[in-house]
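Each residue of the sequence shown is one higher than the one before, counting from 53 in our numbering.
Written out below as structure tokens is the structure these notes cover.
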Amino acid sequence: MNGFLEKIKSPEDVKRLSMVELERLAEEIRERLITGVAKTGGHIGPNLGVVELTIALHYVFETPRDSFVFDVSHQAYVHKLLTGREERFHTIRQPEGLNGFMLRTESDHDSYGAGHAGTALSAALGMAVARDLAGGTEHVVALAGDAAFTNGISFEALNNIAAQTRRMIVILNDNDWSIDKNVGAIAEYFHKITANETFSNLHDKAAGLIEKFGGKAARHVVRKAEEAAKGLIGPGMLFEEFGLSYYGPIDGHNLPLLIETLKFLKQQNKPVVLHAITQKGKGFPPAMEKQKKFHGLGPYDPESGETKSAGQKTYSEIFAESLTKLANLNEKVVAITAAMPNGTALDLFRPHHPKRYFDVGIAEEHAVIFAAGMATKGYKPFCAIYSTFLQRAFDQIVHDVALQNLPVVFCMDRGGLSGDDGPTHHGLFDISYLRSVPNLIHMVPKDEDELQDMMYTAMLHPGASAIRYPRGTGPGATPKAQPVALEIGKAEIISDPGRADVAILGLGAMLPEAVRLKEMLEHEGFAAAVINPRFAKPIDRACLSDFGSRCGLIVTLEDHVLAGGFGSAVMEALNELELNVPVVRIGWPDAFIEHGKVESLRLRYGINAETALEKARPHLKKMMDQVLARHS
């Protein structure tokens with residue numbers, strides 16, 4: 053490629069381009085996004101939608117002095133290309149490469165790291181207030197998608213902005229989608245604004261005038277046009293009531309209009325909102341036709357957009373099919389998602405039971421309390437929420453569900469490492485943050501069939517329950533025609549030689565490593581038992597008492613942090629049973645794990661049978677010395 057993009061080493065280079073050259077740059081960026089993300093996978097749709105918007109921001113403002121706060125920040129690929137990272141863009145989401153989200157340690161231009169929705173306005177307000185206190189003059193711009201406004205945190209921030217700062221810019225990037233079609237009153241409100249013919253015509257004229265006149269005249273036209281529009285139909289009433297001056301909506305792909313409008317807003321000494329209409333996936337027909345699929349995906353064909361089939365059903369798909377079975381059996385079963393029908397696969401459940409499917413928008417806290425309310429009336433809500441997103445609703449789990457002992461089921465997709473998405477999406481903390489909560493059981497399946505059984509168990513259980521399962525595919529076990537209920541807190545003995553030197557507990561996806569460790573130990577002359585714990589809470593104390601009494605070592609393996617995790621629960625239980633058997637724990641360290649391929653990260657951090665064997669060696673030597681001493 054021998055165009056403008058490869059010459060952009062910093063935002064200063066963007067400012068030197070003419071309008072015609074900026075348009076060419078936008079074309080080149082789209083080409084680079086389509087071909088680059090085709091190889092690495094990633095969030096292609098959202099980034100294609102903000103090409104002109106990001107160019108305009110860097111043309112008008114000056115990062116890192118000025119701060120851009122991207123909500124979620126999965127749409128920051130263009131920002132990365134314009135801030136000195138073009139040569140490394142081929143490494144995005146790859147081991148040791150660029151992160152798929154904003155990352156403060158990656159660049160000075162990344163003012164705030166984020167991966168969850170609804171954080172931009174609060175963070176930007178914090179920056180603006182800090183600037184005010186320090187007597188600074190820099191600008192703070194928050195770029196949030198319309199879906200972020202279904203998140204309660206956004207409204208908490210909106211309620212506070214005008215009272216706390218004299219100057220801040222909020223850009224509402226309105227593309228009508230988050231991952232799936234946006235839902236709720238706020239989404240409908242934005243739709244009414246953009247669908248109003250009078251308002252649309254007015255802004256078409258305003259755009260034309262701005263392109264014609266430019267400069268100060270353009271700013272004057274923008275201001276007058278906005279005032280006239282607000283006087284006619286009042287589309288910004290929501291924001292005006294919060295004390296923010298509303299401008300828009302404008303065409304988010306019209307570079308001259310965006311630049312002149314941002315120049316005008318840059319001069320305002322008040323908090324403002326710019327409403328920009330964008331097209332998710334713009335410039336790539338497959339992404340425009342299949343917006344849900346191309347929000348974020350793995351590698352694809354850059355011409356056709358086709359992706360390779362995984363070859364087997366994912367845990368998410370098994371979850372959705374199993375829930376459909378349960379809903380067929382029980383009319384009280386309902387499904388709840390927080391704007392993630394595709395990610396959790398509940399879009400497969402929805403056609404079968406549309407009246408028992410609820411998408412509440414990006415509002416995990418509300419989703420949990422909503423489920424609690426339904427549970428008080430005899431319904432059995434299944435909340436499908438990623439492990440990392442359920443962290444946001446911890447208080448609601450404790451206060452609204454567990455305290456009242458309500459039968460809500462938390463189905464935690466992405467339980468464990470989430471690979472390419474990195475630390476904002478790794479589900480490595482849910483055992484720790486849930487096992488301390490009374491009245492709640494926590495299950496972890498070894499395969500797809502056991503996931504179905506656990507869902508059936510949860511449906512029958514009178515109290516709260518949680519099930520964590522990994523991203524992607526599992527071992528490939530076909531679920532039974534009819535699920536069976538599991539005994540609460542009862543582990544499954546996979547193999548027991550009777551005279552076992554070591555007991556290995558492999559939780560969920562780590563069970564294959566437990567089997568590998570058993571084979572490695574046997575090769576060295578030690579007999580080992582393998583246990584599928586099934587329950588992170590309650591722990592099977594009878595099982596632990598048995599093996600803790602007759603084994604010289606217990607090994608636990610989990611796809612979770614060690615701090616407060618399953619291994620910790622085992623040690624606590626053994627202590628209470630007054631069994632002084634040593635425990636070797638394998639799990640993630642007390643650190644935020646970077647992005648990368650799951651297999652390579654497990655190898656790097658020793659989440660495998662080989663590391664377990666090395667950690668066990670001192671105990672195995674002691675056991676062997678004791679045997680030799682008895683025979684000497």
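Just so it is clear, CB atoms sit at the ideal spot from N, CA and C, and this is done for glycine as well.
Can you pull the DSSP bridge partners for PHE462? Along the sequence shown, read from residue 1 onward, the residue named residue 462 stands at position 410. DSSP output for PHE462 lists CYS435, ALA518 as bridge partner(s).
Along the chain, which unbroken stretches of the alpha helix (DSSP H) at least 4 residues long are found entirely within the region 62-111? Runs found: 63-67, 71-92, 96-100.
Given 8 Å, three or more beta-carbon pairs between the region 91-103 and the region 341-349: Using a Cβ-Cβ distance cut-off of 8 Å, the region 91-103 and the region 341-349 are in contact, since at least three pairs of beta carbons, one from each stretch, lie closer than that value.
What residue from LEU105, GLU148, HIS142, GLY149 has the CA that sits closest to HIS131's CA? Here residue 131 corresponds to residue number 79 of the sequence shown, with the count starting at 1. The shortest C-alpha separation from HIS131 is found at LEU105.
Taking only three categories from DSSP, how would you classify ASP452? One-based indexing of the sequence shown puts residue 452 at position 400. In the structure shown, ASP452 sits in a helix (DSSP, three-state: H, G or I).
Whole-angstrom Cβ separation of ALA199 and LEU173, contact assumed at under 8 Å? Within the sequence shown, residue 199 is the residue found at index 147, counting from 1. Within the sequence shown, residue 173 is the residue found at index 121, counting from 1. 13 Å between Cβ atoms; not a contact.
Taking C-alpha atoms, which residue in ASN660, MET623, LEU69, MET572 lies nearest to LEU672? For the purposes of this step, residue 672 is taken as residue 620 along the sequence shown, with counting starting at 1. Comparing Cα positions, the closest option is MET572.
Buried versus exposed, by CB contacts within 10 Å (16 or more), ASP677: Stepping through the sequence shown from its first residue, residue 677 is reached at position 625. By the beta-carbon neighbour count (other beta carbons within 10 angstroms, threshold 16), ASP677 is exposed.
Give me the DSSP bridge partner(s) of PRO323. The sequence position of residue 323 within the sequence shown is 271, counting from 1. For PRO323, which the question treats as bridged, DSSP gives the partners MET220.
Which same chain residues, not among the five before or five after GLU292, have their C-beta less than 7 Å away from its C-beta? Numbered from its first residue, the sequence shown carries residue 292 at position 240. Correct list, in chain order: TYR298.
Would you kindly report the start and end of the unbroken beta strand (DSSP E) that includes PRO564? Translated into positions along the sequence shown, residue 564 becomes position 512. Premise fails: PRO564 lies in the alpha helix (DSSP H), 563-575, not in any beta strand (DSSP E).
Beta-bridge partners of GLU544, as assigned by DSSP: Stepping through the sequence shown from its first residue, residue 544 is reached at position 492. Answer is ASN584.
Going along the chain, which residues of its own chain have a beta-carbon closer than 8 Å to the beta-carbon of ALA621, five neighbours each way excluded? Position 569 of the sequence shown, counted from the first residue, corresponds to residue 621. Hits under 8 Å: ILE483, ARG487, ALA588, LYS589, ILE591.
Three or more beta-carbon pairs under 8 Å between the region 395-406 and the region 423-432, yes or no? At 8 Å Cβ cutoff, the stretches do not touch.
Ignore the nearest five residues each way along the sequence and tell me which others in ASP226's own chain have a CB closer than 8 Å to its CB. Reading the sequence shown from its first residue, position 174 is the one you call residue 226. GLY197, ASP198, PHE242, THR246, PRO301, GLY304, HIS327, ALA328, ILE329, THR330, listed in sequence order.
Among VAL496, ALA90, PRO433, whose alpha-carbon lies nearest the alpha-carbon of GLU358? Position 306 of the sequence shown, counted from the start, is the residue given in the question as residue 358. Closest option to GLU358, judged by alpha-carbon separation, among VAL496, ALA90, PRO433: ALA90.
Checking the sheet assignment: what are the DSSP bridge partners for ILE493? Against the sequence shown, residue 493 aligns to sequence position 441. Answer is SER517.
Under 6 Å Cβ to Cβ from ILE86, same chain only, skipping five residues before and after it: list those, please. If you number the sequence shown from 1, residue 86 lands on position 34. Leaving aside the five residues that flank ILE86 on each side, the residues in its chain whose CB is nearer than 6 Å to its CB run, in chain order, PHE336, PRO354.
State buried or exposed for MET511, treating a residue as buried only when at least 16 other CB atoms are found within 10 Å of its CB. Along the sequence shown, read from residue 1 onward, the residue named residue 511 stands at position 459. Note on MET511: 16 or more other CB atoms within 10 angstroms of its CB, so buried under the neighbour-count rule.
Mind checking which residues open and close the beta strand (DSSP E) that includes HIS612? Counted from its first residue, the sequence shown places residue 612 at position 560. Per DSSP, HIS612 belongs to the beta strand (DSSP E) from 605-613.
Which residues in the same chain have their Cβ closer than 7 Å to the Cβ of CYS463, if we skip the five residues on either side of it in sequence? Translated into the one-based positions of the sequence shown, residue 463 becomes position 411. Counting only Cβ-Cβ distances below 7 Å, and skipping sequence neighbours, we find PHE371, PHE434, CYS435, ALA436, ILE519.
Less than 6 Å between C-beta atoms, sequence neighbours within five positions excluded: which residues of the same chain meet that for GLY55? Counting from 1 along the sequence shown, the entry for residue 55 is found at position 3. Taken in chain order, the residues that qualify are GLU80.
Of the residues LEU503, PHE481, LEU210, PHE122, which one's Cα is nearest the Cα of PRO535? On the sequence shown, position 483 is the one that residue 535 refers to. When only C-alpha atoms are compared, the closest one is LEU503.
Determine the DSSP secondary structure at PRO301, reduced to helix, strand or coil. As a working note, residue 301 is residue 249 in the sequence shown. PRO301 falls in the strand class under three-state DSSP.
Exposure label - MET71; buried when at least 16 CB within 10 Å: Taking the sequence shown and counting its residues from 1, the one referred to as residue 71 is at position 19. Classification of MET71: exposed, given that the 10 Å Cβ count is below 16.
By how many angstroms is the C-alpha of GLY93 removed from the C-alpha of ARG84? By 1-based counting over the sequence shown, the position of residue 84 is 32. By 1-based counting over the sequence shown, the position of residue 93 is 41. Cα atoms of ARG84 and GLY93: separation of roughly 13 Å, rounded to the nearest angstrom.
I'd like to check one pair, ALA166 with SER206: are the Cβ atoms closer than 8 Å? For the purposes of this step, residue 206 is taken as residue 154 along the sequence shown, with counting starting at 1. For the purposes of this step, residue 166 is taken as residue 114 along the sequence shown, with counting starting at 1. Not closer than 8 Å, so no.
Could you pull out every residue in the same chain whose Cβ sits closer than 6 Å to the Cβ of LEU210, ignoring the five residues on either side in sequence? Taking the first residue of the sequence shown as position 1, residue 210 is located at position 158. If we look at LEU210 and ignore the five residues flanking it on each side, its Cβ neighbours are PHE294.
Determine, using beta-carbon pairs with one atom in the region 644-659 and one in the region 593-600, whether at least three such pairs fall under 8 Å. Between the region 644-659 and the region 593-600 there are fewer than three inter-stretch CB-CB distances shorter than 8 Å, so the stretches are not counted as touching.
Is it buried or exposed for MET289, if we count other Cβ within 10 angstroms and need 16 for buried? Stepping through the sequence shown from its first residue, residue 289 is reached at position 237. Exposed, because fewer than 16 other Cβ atoms sit within 10 Å of the Cβ of MET289.
Whose C-beta lies closer than 6 Å to the C-beta of SER62 among residues of the same chain, with five residues either side of it excluded? Along the sequence shown, one-based indexing puts residue 62 at 10. For SER62, where only same-chain residues beyond five positions count, the Cβ hits under 6 Å are GLY136.
DSSP bridge partner residues for TYR409 (one or two, in chain order): The residue you call residue 409 lines up with position 357 of the sequence shown. Paired residue(s): ALA387.
Own chain, CB closer than 7 Å to THR217, minus 5 neighbours either side, in chain order: The residue labelled residue 217 in the question sits at position 165 within the sequence shown. If we look at THR217 and ignore the five residues flanking it on each side, its Cβ neighbours are LEU177, ALA180, VAL181, ASP184, PRO323.
Contact belief for GLY560 with VAL496 at Cβ below 8 Å, rounded distance in angstroms: As a working note, residue 560 is residue 508 in the sequence shown. As a working note, residue 496 is residue 444 in the sequence shown. Rounded, the Cβ-Cβ distance is 4 Å, consistent with contact.
Could you spell out the range, first to last residue, of the alpha helix (DSSP H) harbouring ILE704? With the chain running from 53 to 684 in the structure shown, residue 704 is simply not present.
For ASN225: DSSP bridge partner residues: Taking the first residue of the sequence shown as position 1, residue 225 is located at position 173. When DSSP reads this structure, ASN225 sits in a beta bridge with GLY197, ALA328.
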